[in-house]
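K.L.:
In this note's numbering, the protein residues as written are 9 to 550.
Ideal placement from N, C-alpha and C gives every residue a C-beta, glycine not left out.
Next up is a structure, given as structure tokens.
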């Protein structure tokens, strides 16, 4: 058989034979040259014996390739060296103790990183490299461990990630200076975050969203660290405030955001009108949901089938089919409360409340010992309703339906989610269709025009890296719509405690949205951050 093969495993390896049998290629190869002792570094030409390695290589013509590689075993000529014999290492061909060469290992890593374990297993089998999903995941973990820096993380980002979007979330911790994922937790719990931070005392800055459990975990695990919000989360909070304001308008959305619960009345002791805002939102969503249900029933009476109704309303065909069979609008079923919610411990809290224990901190510690993983503020919202069950309330006049903004291209209603995203997007980044939607909403909806002006000013303030005009923006926002007032109040309450801290006391009890204060004005901003405390190169893109 001819031995002039156009085949190469790498430098220092000579191909001896190649044959195909049992549906795969068998390659015989041998290492050439002398060896270098890994301990003393002295070169040796005294061969002690041979050592064989069986490796998997890249497939050829769709068939797997198995390599039988013979490596020389050498004697170390340095008498002072403790190692007497050693095997030649070929790091460019295969890593020590590896069962495949570096070429297929790189392919496995890329496929596993791109598509995951089981999809990668199915795909890699089709190209002639059968590998299990467990092996793919081990390869990923090995690469991450080898590339991970040994230096202590100084600036970390804490955020949630979705097992199932809208249902189950976990926690992710990222080194923002090196852009490396440090750890993943299966739950969004304060205890797990606090334990991780206690094991890493070198953390100086924690960039997080405004989740109460993250704030509590950061305070308990790293009280010396400074808590900040990056540009992404600040703008995300603004978008959510805009969405909440738009969602309270009757007839604005074809898809309700909240369940159609009973009406909630506004308390005369509600200083900022939060209960009134929630009542208006629920009433608006209840009317919107009922209007869509009536429209579905009307289309059905006209003889339309399920698919036609689903296309016209934008709802899923299964929802349309269920509503067609129902005589009245079905009530939404609430999911069972999880350990992050105090309602999960409602029976225990009710019993302790009836026994006379009304201190929030004490109840918090008791349910925390029973598995509660939520925040103290979440518990306080529940206890507030129990402390004032008979306070005087006043009902406001029912809101009148307003003109529903429509998409000029399709004629369908524009949802609050889409409207909020367009509200904070600059004109230069809008497409032609998006610009038409914005113009239509500004014309038909005065609240949208007001919030867009405030949002554009705030976005420019964040991008300009200057806090000089922040005070005037906060005053303008607090004199307008409720959702913007609430956003401005939260930002103000976070900034003021930071301004009152002395230069030697940097303990962050609240999360400063704009961390630059009088006490630290003379200190330069941390590496990777501008003078407003936002990340110049954040892990999340704003």
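Among 180, 136 and 183, which has the Cα closest to the Cα of residue 71?
P.N.:
For residue 71, the closest alpha carbon among the candidates 180, 136 and 183 is that of 136.
K.L.:
Is the segment 197-210 close to the segment 369-386, with three or more CB pairs under 8 Å?
P.N.:
yes
K.L.:
Based on the DSSP output, what are the partners of residue 168 in its beta bridges?
P.N.:
179
K.L.:
Would you kindly check if the distance between the Cβ of residue 25 and the Cβ of residue 36 is under 8 Å?
P.N.:
yes
K.L.:
With burial defined as no fewer than 16 other Cβ atoms inside 10 Å of the residue's Cβ, what is the status of residue 352: buried or exposed?
P.N.:
buried
K.L.:
Grouping DSSP H, G and I as helix and E and B as strand, with all else coil, what is residue 135?
P.N.:
coil
K.L.:
Pick helix, strand or coil for residue 399, following the three-state DSSP scheme.
P.N.:
The predicted model places residue 399 with a pLDDT of 49, which falls under 50 and marks its position as unreliable, so this point remains unresolved.
K.L.:
In the DSSP assignment, the beta strand (DSSP E) including residue 368 goes from what residue to what residue?
P.N.:
First-last for residue 368: 368-377, but that is the alpha helix (DSSP H), not the beta strand (DSSP E).
K.L.:
Suppose the cutoff is 7 Å on Cβ atoms and the five residues either side in sequence are ignored; what does the same chain contact list for residue 372 look like?
P.N.:
384 and 387
K.L.:
Mind checking who residue 57 pairs with in its DSSP beta bridge?
P.N.:
DSSP, once it has assigned bridges, lists 81 as partnering residue 57.
K.L.:
Is it right to say residue 265 is buried, meaning 16 or more other beta carbons lie within 10 angstroms of its own, or is it exposed?
P.N.:
The predicted position of residue 265 is uncertain, since its pLDDT is 37 and thus under 50; a value taken from the coordinates is nonetheless stated next. A residue is called buried once 16 or more other Cβ atoms fall within 10 Å of its Cβ, and residue 265 is buried on that count.
K.L.:
Would you kindly work out how many angstroms separate the C-alpha atoms of residue 111 and residue 64, rounded to a whole number?
P.N.:
9 Å
K.L.:
How should residue 279 be labelled, buried or exposed, when 16 other C-beta atoms within 10 angstroms of its C-beta is the threshold for buried?
P.N.:
Because the pLDDT of residue 279 is 48, which lies under 50, any placement of that residue in the model is unreliable, and the number read from its coordinates should be weighed accordingly. Classification for residue 279: exposed.
K.L.:
Return the chain-ordered list of same chain residues with a C-beta closer than 7 Å to the C-beta of residue 183, the five sequence neighbours on each side being excluded.
P.N.:
161, 164 and 190
K.L.:
For residue 323, which of helix, strand or coil comes out of DSSP?
P.N.:
coil
K.L.:
DSSP three-state call for residue 208: helix, strand or coil?
P.N.:
coil
K.L.:
DSSP on residue 351, reduced to helix/strand/coil?
P.N.:
helix
K.L.:
Considering only the alpha carbon of each residue, which of 176, 73, 495 and 327 lies closest to residue 30?
P.N.:
Closest option to residue 30, Cα to Cα, is 73.
K.L.:
Let's test the definition: count the other Cβ atoms within 10 Å of the Cβ of residue 155 and tell me whether it reaches 16, buried, or not, exposed.
P.N.:
exposed
K.L.:
From what residue to what residue does the alpha helix (DSSP H) around residue 450 run?
P.N.:
440-452
K.L.:
Output needed for residue 460: all residues of its chain with C-beta closer than 6 Å, excluding positions within five of it in sequence on either side, in chain order.
P.N.:
431
K.L.:
Which of the three DSSP states, helix, strand or coil, is assigned to residue 546?
P.N.:
Confidence in residue 546 is poor, its pLDDT being 36 and thus under 50, which makes the residue's placement unreliable; the coordinate value appears in the next sentence. Here residue 546 sits in coil by DSSP.
K.L.:
Do you know whose CA, among 86, 98, 68 and 89, lies nearest residue 80's CA?
P.N.:
That would be 98, whose Cα lies nearest to the Cα of residue 80.
K.L.:
Applying the criterion that 16 or more other CB atoms from any shown protein chain within 10 Å of the CB defines a buried residue, is residue 69 buried or exposed?
P.N.:
Counting the other Cβ atoms within 10 Å of the Cβ of residue 69 gives fewer than 16, which makes it exposed.
K.L.:
Confirm, please, whether the CB-CB distance from residue 85 to residue 605 is below 8 Å.
P.N.:
Residue coverage of the chain in this structure runs from 9 to 550, which leaves residue 605 outside it and unanswerable.
K.L.:
How big is the Cα-Cα spacing for residue 484 and residue 445?
P.N.:
26 Å
K.L.:
Output yes or no for whether 8 Å exceeds the beta carbon distance between residue 8 and residue 301.
P.N.:
Absent from the structure is residue 8, since the part of the chain shown begins at 9 and ends at 550.
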